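Note that this note's numbering has the first sequence beginning at 6, numbered continuously upward. Where is the CB? At the ideal position from N, CA and C, for every residue including glycine. Computed from a predicted structure; not experimentally measured. Contents: one structure, followed by commentary.
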Amino acid sequence: MTRIRTTPMTKDAYDLFHSGTLAFARAERMGLRIDVTYCLEQQKKLTAKIVHLKDKVTHSKFGQHWKRVYGAKYNFNSDYQIAHLLYDVKKIKPIKKTNGQRGSTDEEALSALGIPELNLVIKVRKLIKVRDTYLGAYVREQVNGVVHPSFNLHLVGTFRSSSDSPNFQNIPKRDEEARRITRSAIFPRKGCQFAGMDFSGIEVCMACIYTEDPQLIQDTTQGDMHRDMAIELYMLDSLDKHHAGEKNLRQGGKNGFVFPEFYGDYYGNCAPNLLKWAAKAYLKDGTPALAHLEKKGLVKLNRAGGVQNSAKFITHVKKIEDYFWNVRYKKYTQWKNRSWKNYQKKGYVDMFTGFRCSGLMNKKEVTNYPFQGTAFHCLLKVFIEVDKLAYSKDWNSFPVFQVHDDMTVDTHPTEFDMVGKEMHRIATEELSQQWTWINIPLKVEMEKGEVDQSLFEKKFYVLP
DNA sequence: GGAACTCGCCAC
DNA sequence: AAACGTGGCGAGTTCC
């Protein structure tokens with residue numbers, strides 16, 4: 006939902022967004038080069054693949070049934086038709102429902118049915134997404150081979166930013182194929198290269214600063230809370246995150262528990278996800294993680310090695326959740342309760358950066374907004390300072406886009422090292438000198454593209 | 001024939 | 001007691 010609030014802001018907050026708007030305007034004017042020929046070629050290739058896969062489905066028994074039901078209206082891309090075919094005609098019981106209480110046809114729901122044609126539907130959806138949402142948008146939006154994505158500061162309830170035309174804040178990163186195809190279309194100016202900077206875990210850093218929770222500060226600055234929680238959740242003696250089989254357990258702790266819990270999720274949703282991560286993992290001695298959990302008495306497996314009964318595991322995750330919020334991060338929980346009470350009394354919640362969120366909010370929103378907004382303001386401040394330097398010092402390097410906690414600069418090779426050093430200095434030193442409420446060190450990772458190479462080639466590197 | 005809605009899916 | 005925070009966008013469908 007898009008929520009727009011007109012709220013009182015301090016002078017500092019106003020100034021930050023005023024400068025931010027000017028810096029974004031310059032980034033937008035600069036824009037990014039698109040290889041249009043490449044985009045059109047890739048779109049053609051994707052279309053060929055899509056047609057091939059669609060034909061395969063159409064000619065299958067499944068597809069013929071579908072066609073009989075819909076006749077001339079048969080449409081491969083229609084989720085309505087898929088839902089009707091599966092859940093009404095074939096009378097399959099949906100594993101989950103949509104918000105509108107209809108049977109879901111998302112990836113999870115379709116893949117759970119084990120029908121090969123539905124896996125092709127999923128594959129086609131991904132290809133269409135890459136072809137139309139990304140490559141299509143680049144071709145449509147480019148002017149003389151350059152796109153000028155907009156970065157908005159007036160649309161988001163948390164005082165973060167958004168991006169459109171085209172949206173440069175959701176370019177595929179996780180899926181390797183989608184990442185390659187989309188990112189290989191985007192280039193710096195001719196003869197130039199990308200320089201990037203990324204704050205590490207900045208929302209958690211903001212949580213440390215707001216809540217002053219000593220354990221959270223300890224874990225964020227020195228420890229590894231994802232590993233610690235994985236050890237608790239999966240009842241391990243130790244966890245080596247560099248081991249191929251065990252690293253998935255840490256990922257499970259991180260993406261299946263710690264992050265969702267911070268956003269307000271609960272054990273009932275976390276437990277099944279934790280088991281999905283476990284299914285991909287094994288211990289150093291070769292034991293599959295699920296077999297390990299069975300040995301610990303937390304799950305019962307069926308003959309195929311899948312989870313048959315997870316009731317004990319769910320109870321276990323509930324216990325860990327209780328430990329997480331009421332023992333380990335007790336002060337964090339107390340802060341959340343205080344903050345919620347304060348909002349109920351006053352009707353707003355304030356950020357260190359001078360922004361005020363008001364309007365009707367629930368407890369999760371009240372406690373998440375300050376972290377989310379303030380984290381973005383850190384990046385925005387760095388973006389503004391780098392932009393200021395670029396223009397006042399007459400650099401041949403310019404910030405061109407940002408994604409909430411990371412930013413990318415189109416640099417001339419003779420300036421690349423200098424720009425990286427400046428970005429690093431501003432983010433890790435100058436920022437906390439100007440904003441004295443930042444009382445823990447903020448860590449960043451640096452990224453480097455190659456001369457005349459696309460965004461796909463941008464990789465982490467260590468500052469010389 | 002366009003506006004509004006739903007669903008699915010990409011990012012942090 | 002209930003149970004995931006913030007966005008943009010494309011396609012299909014339904015409403016008017």
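The shortest CA-to-CA distance from Thr-358 to any of Phe-381, Lys-341 and Glu-299 is the one to Phe-381.
Remark: C-beta atoms of Trp-330 and Thr-216 do not approach each other more closely than 8 Å. Looking from the CA of Ala-309, the closest CA among Ala-284, Glu-326 and Ser-116 belongs to Ala-284. Inter-residue distance for Asp-218 and Gly-201 is about 31 Å (C-alpha atoms, whole angstroms). Per the coordinates, the alpha-carbon of Arg-333 lies some 20 Å from the alpha-carbon of Ile-319. Secondary structure note for Asn-157: its beta strand (DSSP E) is the uninterrupted segment 155-157.
Under DSSP, Phe-22 takes part in no beta bridge, so it has no partner. Excluding five sequence positions before and after Gly-150, the CB atoms of its chain that fall closer than 7 Å to its own CB belong to Arg-38, Ile-39 and Val-41, given in chain order.
At the C-beta level, Pro-177 and Tyr-143 stay beyond 8 Å of one another.
If you ignore the 5 residues before and after Lys-368, its C-beta comes within less than 7 Å of the C-beta of Trp-345, all in its own chain and listed in chain order. Following the DSSP letters along the chain, one finds Asp-415 inside the beta strand (DSSP E) bounded by residues 411-416. In the three-state scheme derived from DSSP, where H, G and I count as helix and E and B as strand, Ala-200 is classed as strand. Contact between Pro-154 and Ser-166 is absent: CB atoms are separated by about 11 Å, not below the 8 Å threshold.
Distances from the alpha-carbon of Ala-212 to those of Thr-226, Asp-399 and Thr-413 put Thr-226 closest. Ser-402 is the residue among Gln-438, Val-449, Ser-402 and Phe-461 whose C-alpha sits nearest the C-alpha of Gly-196. Inter-segment contact for the stretch 177-188 and the stretch 362-378 is absent: fewer than three beta-carbon pairs are separated by less than 8 Å. According to the DSSP secondary-structure assignment, Glu-390 is paired through a beta bridge with no residue. For the pair Glu-427 and Pro-121, the Cα-to-Cα distance works out to about 53 Å. Residues Leu-91 of the same chain have their beta carbon placed closer than 6 Å to that of Ile-97, with the five preceding and five following residues left out of the count. At the C-beta level, Phe-267 and Gly-454 stay beyond 8 Å of one another.
Unbroken alpha helix (DSSP H) stretches of 4 residues or longer found wholly inside the stretch 66-100: 66-75 and 84-88, given in chain order. In the DSSP annotation of this structure, the continuous segment of the alpha helix (DSSP H) that includes Asp-422 starts and ends at 421-430. When Cβ pairs closer than 8 Å are counted between the two stretches, the stretch 116-136 is seen not to touch the stretch 11-26, the count staying below three. DSSP assignment within the stretch 124-206 yields the following whole alpha helix (DSSP H) runs of 4 residues or more, N-terminal first: 141-146 and 181-188. Ranked by Cα distance from Asn-80, the first of Val-56, Glu-237, Lys-131 and Lys-101 is Val-56. Sequence-distant Cβ neighbours of Thr-26 in its own chain, meaning closer than 8 Å and more than five residues away, are Leu-158. With a cutoff of 8 Å on beta-carbon distance, Val-408 and Thr-433 are scored as not near each other.
Ranked by Cα distance from Met-366, the first of Tyr-348, Gln-220, Glu-113 and Thr-416 is Tyr-348. Residues of the same chain with a CB within less than 6 Å of the CB of Leu-51, apart from the 5 flanking positions on each side, are Leu-132 and Arg-136 in chain order. Between Val-126 and the set Asn-104, Ala-77 and Trp-71, the nearest pair of CA atoms involves Trp-71. Its chain contains Ala-28, Pro-404, Gln-407 and Met-412 as the residues whose beta carbon lies nearer than 6 Å to that of Phe-388, once the 5 sequence neighbours on both sides are disregarded; these appear in chain order. A direct Cα-Cα distance of roughly 16 Å separates Gln-458 from Thr-419. Excluding sequence positions up to five before and after Pro-99, its CB lies within less than 7 Å of the CB of Tyr-92, Gly-108, Ser-109 and Ala-114, all in the same chain and listed in chain order.
With respect to the 8 Å criterion, Thr-103 and Tyr-139 are not classified as neighbours on the basis of their beta carbons. Leu-254: member of the alpha helix (DSSP H) spanning 252-258, first to last residue. In this structure, Leu-468 lies near Met-451, with their beta-carbon atoms less than 8 Å apart.
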